[in-house]
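Here's the structure, in structure tokens; my notes come after.
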Amino acid sequence: LSGIELALVCAAGSLGAGVRFGVGRIAGSRLSVLGATITVNLGGCFLAGLVTALAPSELLNRVALWGFCGGLTTYSGLALELSLLARRVGLLRSGLIQALAFAAGLIALGAGWLLGRI
Amino acid sequence: MGDMHGGWRRTPTKCGGTPAALYRVGLAAAEVLLVAVGGAVGTLMRVVPLGLVPGHAALTTLSVNVAGSLAIGVLAKALHGSRVSKHIARALLAGGILGGLTTFSGAVLEAADLSRADALAGVGYAFATMLSCLAAAEAGAWLWGATRGADGSGAGRSEDLLACREELEEEV
């Protein structure tokens, strides 16, 4: 990765993080923080699937996948929310929600990929 | 004269409302800026290892996710009762740097990629990610409490992580 490519990827990551924060602020009051985090994560997976199927160019791929989708989605936020949820409903249920979110992420990825193939 | 009085009485509520709204807008703008800056830094911290060790994207992604989850556990505890502004710390560190560093789409993408060669490897990767990230967040919170306890200050040990988060949420 050259310097300019790295800068582009980081700029896209910055944009993704900003979008995540904005969505969290807007949706966070209606959904829970966990709900907003999962929603954003699934949106990022859908977009990642779409980009993978379209496969524009090596650079655009990295800017979109490593940059935007990487910045948009978060695992640290999810892990924190799940660990907080575990204190209310227990570790088993919290872990189950994580497994469902991950499975939904795979489905969203597949859906995005299929849409890109059409 | 009576009208003037009414006018004067109305004015303070108008004046009182505007700076508060301005403050909220300014704070939101500052937070978005901090998240954007942090997001760029976090992305850089994730992308540089990805570029340096090509062919090991799955392992690199898992590593940054675990590291970020550990850090957010420490952060959630460390912010509790600290004098640092919760708004700034949450936007720059949690939302920006750690949010940019860790990736859910990357983890899902790597799991899907691994399962194309071997379905079991993909499932294993997914469970490794889920278990280690949740465990790392818990360990981070515990670690902060344990080290503070060992310091003799005792701060943070008895406090529950949930109380720390509720304190964060109160400020929103």
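Protein chains in written order, with our numbering: chain A, 127 to 244; chain B, 44 to 215. We put the beta carbon where it would ideally sit given N, CA and C, even for glycine. None of the values given here were measured: they were computed from a predicted structure.
Let me confirm a value: residue i is counted as buried when at least 16 other C-beta atoms fall within 10 Å, else exposed. Which label applies?
i                      : result
residue 86 of chain B  : buried
residue 228 of chain A : buried
residue 194 of chain A : buried
residue 143 of chain A : buried
residue 138 of chain A : buried
residue 126 of chain B : exposed
residue 201 of chain A : buried
residue 123 of chain B : buried
residue 84 of chain B  : buried
With a threshold of 8 Å on Cβ separation, who are the neighbours of residue i within its own chain once the five nearest residues in sequence on each side are excluded?
i                      : result
residue 176 of chain A : 238, 239, 241 and 242
residue 231 of chain A : 167, 168 and 171
residue 234 of chain A : 168, 169, 171, 172 and 175
residue 127 of chain A : 135 and 188
residue 146 of chain B : 89, 104, 107 and 108
With a threshold of 6 Å on Cβ separation, who are the neighbours of residue i within its own chain once the five nearest residues in sequence on each side are excluded?
i                      : result
residue 112 of chain B : 176, 179 and 180
residue 146 of chain A : 166 and 198
Within the same chain, show all residues whose beta-carbon is closer than 7 Å to that of residue i, passing over the 5 residues directly before and after it, in chain order.
i                      : result
residue 47 of chain B  : Low confidence applies here, because residue 47 of chain B scores a pLDDT of 44, under 50, leaving its location unreliable; read the following figure in that light. There are no such residues.
residue 168 of chain B : 101, 153, 154 and 157
- For the region 155-180 of chain B, which segments carrying the alpha helix (DSSP H) assignment without a break, of at least 4 residues, lie completely within its bounds, in sequence order? none
- Query: How about the region 196-213 of chain A and the region 161-177 of chain A: do they share at least three Cβ pairs that are nearer than 8 Å?
  - Reply: yes
- Item | Where the region 113-131 of chain B meets chain A: residues whose CB sits under 8 Å from a CB there | 114, 115, 116 and 119
- Message: With a threshold of 8 Å, are at least 3 pairs of Cβ atoms found where one atom belongs to the region 150-168 of chain B and the other to the region 208-222 of chain A?
- Response: no
- Message: With three or more C-beta pairs closer than 8 Å as the rule, is the region 102-116 of chain B touching the region 146-155 of chain A?
- Response: no
- Task: Scan the region 52-107 of chain B and note each continuous alpha helix (DSSP H) run of 4 residues or more that stays entirely inside, going in chain order.
- Result: none
- Item | Near-chain A residues of the region 90-107 of chain B - C-beta to any C-beta below 7 Å | 90, 93 and 94
- Task: Could you please tell me which residues of the region 212-239 of chain A, in chain order, have their CB closer than 7 Å to any CB of chain B?
- Result: 213, 221, 224, 225, 228, 231, 232 and 235
- Message: Please give the ranges of any alpha helix (DSSP H) in the region 102-148 of chain B, keeping only runs that are unbroken, at least 4 residues long and fully inside the region.
- Response: 129-132
- Residues, ordered as in the chain, of the region 141-152 of chain B that lie near chain A by beta-carbon distance below 8 Å: 141, 142, 143, 144, 145, 146, 147, 148, 149, 150, 151 and 152
- Contact residues within the region 149-175 of chain A, judged by C-beta distance below 7 Å to chain B: 167, 170, 171 and 174
- Tell me the start and end of each unbroken alpha helix (DSSP H) in the region 178-229 of chain A that is at least 4 residues and wholly inside, in chain order. 184-188 and 202-215
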